[in-house]
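J.: Sequence lines, in order, name chains A and B.
Here my numbering is used: the first residue of the first sequence is 199, the next is one more, and so on.
Here my numbering is used: the first residue of the second sequence is 37, the next is one more, and so on.
In this text, a Cβ means the ideal position worked out from N, Cα and C, and glycines have one as well.
Here you go, one structure.
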Amino acid sequence: KNEVEQSPQNLTAQEGEFITINCSYSVGISALHWLQQHPGGGIVSLFMLSSGKKKHGRLIATINIQEKHSSLHITASHPRDSAVYICAVRGSQGNLIFGKGTKLSVKP
Amino acid sequence: DTEVTQTPKHLVMGMTNKKSLKCEQHMGHRAMYWYKQKAKKPPELMFVYSYEKLSINESVPSRFSPECPNSSLLNLHLHALQPEDSALYLCASSQGPLARGRSEKLFFGSGTQLSVL
C-alpha cells in the first residue's frame, strides 16, 4: 500500500461543476502540499497546510490530521483547471512523499 | 521574482554526449532539489543541496552529476546516459531545507524534457 493515496485517479467534469479530489496518507507528517501540474511539465505549488483549511480564489484545501485525510476542492470549475493534481506529504524526516496524482479534465 | 527557471526546456542527446541542465532562482532560497519524473508517475527525488552543499543523493547513478556553483544556481551534468534516463527533470527550491519541524513551500521550475537516443 502506498503511503499517499489519491482518489480518484481520473476525473472528468463539466465546466462549472464543483470538484473534490481526496488524499489519504498513512505516515506521520509535518505538512501536506497540493501541487498542480499542467501538460508540458511545470509544477505549481497550490497549498501547503498542516491544519485546518486554506482558500485561494476558487480553490479550497482542507486537512484532518486525526483522520490523515486532505481534500482539494475547486468551485465553478473551468477548462483551464484541467491538469494533474498531486498530493505530497512531508514525512517526519523532512522527506516529501508524492501521491500518484489525479488527472482532471474539465469540458466546456 | 518567485520563479525557478530551468534551461533548456527540451533536450535530445545521444548516449555518448555530455550535456548540462541548468536551474536558477533569485528568491534567496538556500535549498535546491533535482527531481526526475517519468510519464504518468510522480516526481522522484534525485539530489538535495542545502546551503550549497550536497545533503541528499538518492542513490543516483554517477552518470548524473549535480553541481551548485552558488546559492542561486544548480546544474545537473549528464554523461553517457541511457535511453531509460529519458524523462522530465524538475528543479525545485525552498527557503530552507525540508527538515523535521520545518514548514517550507516548494517552488518548482517548468522542467527539462530529456530524450536520450
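I need the boundaries of the beta strand (DSSP E) containing VAL84 of chain B, first residue and last residue.
T.: Residues 80-86.
J.: Residues of chain E with a CB under 8 Å from the CB of PHE144 of chain B: which are they?
T.: Among the protein chains in the structure shown, which are A and B, there is no chain E.
J.: LYS141 of chain B versus chain A: which residues are under 7 Å apart at the beta carbon?
T.: The contacting residues are SER243, MET246.
J.: For my contact list, SER146 of chain B and LYS45 of chain B are in at a C-beta cut-off of 8 Å; report their separation, rounded to the angstrom.
T.: SER146 of chain B to LYS45 of chain B, Cβ: 7 Å. Contact.
J.: Taking a cut of 7 Å between CB atoms, which residues from the stretch 265-290 of chain A lie near chain B?
T.: Against chain B - using a Cβ distance shorter than 7 Å - the residues of the stretch 265-290 of chain A are ILE284, ARG288, SER290.
J.: Note down, in chain order, every chain B residue with its Cβ under 8 Å from the Cβ of GLY226 of chain A.
T.: Residues of chain B passing the Cβ test: none, with the nearest at roughly 10 Å.
J.: My output table needs one value for ARG99 of chain B: the three-state DSSP class, helix, strand or coil.
T.: Note: ARG99 of chain B maps to coil in three-state DSSP.
J.: With DSSP run on the structure shown, which of helix, strand or coil describes PRO119 of chain B?
T.: Correct three-state label for PRO119 of chain B: helix.
J.: Which bits of chain B does LYS252 of chain A rub up against, with CB to CB less than 8 Å?
T.: Near LYS252 of chain A there are no residues of chain B at all, since even the closest Cβ is about 12 Å away, more than 8 Å.
J.: Could you tell me which residues DSSP pairs with ARG288 of chain A in its beta bridges?
T.: Beta-bridge pairing links ARG288 of chain A to A:ALA229, A:LEU294.
J.: Our contact map puts SER157 of chain A next to PHE143 of chain B with C-beta atoms below 8 Å; I'd like the distance itself, whole angstroms only.
T.: Nothing about residue 157 of chain A can be reported from this structure: the residues present for chain A run from 199 to 306 only.
J.: Excluding the 5 residues flanking TYR87 of chain B on each side, which residues of the same chain have their C-beta closer than 7 Å to its C-beta?
T.: Contacts found: ARG66.
J.: For a contact defined as C-beta to C-beta under 7 Å, what are the partners of GLY147 of chain B on chain A?
T.: Within chain A, the residues near GLY147 of chain B are GLY239, GLY240.
J.: How long is the line joining the alpha carbons of HIS62 of chain B and SER151 of chain B, rounded to whole angstroms?
T.: Cα to Cα, the separation comes out at about 28 Å.
J.: Flag this pair as yes or no: are the beta carbons of VAL282 of chain A and GLY299 of chain A separated by less than 8 Å?
T.: Their beta carbons are under 8 Å apart, which means VAL282 of chain A touches GLY299 of chain A by this criterion.
J.: Tell me LEU134 of chain B's beta-bridge partners as DSSP assigns them.
T.: DSSP lists no partner for LEU134 of chain B.
J.: Does DSSP put PRO277 of chain A in a helix, a strand or coil?
T.: Here PRO277 of chain A sits in helix by DSSP.
J.: Got a sec? Which residues, its chain only, sit under 6 Å from ALA116 of chain B by beta carbon, not counting five neighbours each side?
T.: So the qualifying residues of the chain are ARG99.
J.: What is the rounded straight-line gap between the Cα of ILE217 of chain A and the Cα of GLY226 of chain A?
T.: Between ILE217 of chain A and GLY226 of chain A, the C-alpha separation is close to 27 Å.
J.: Any beta-carbon of chain B closer than 8 Å to the one on GLY292 of chain A?
T.: By this cut-off, GLY292 of chain A is an interface position.
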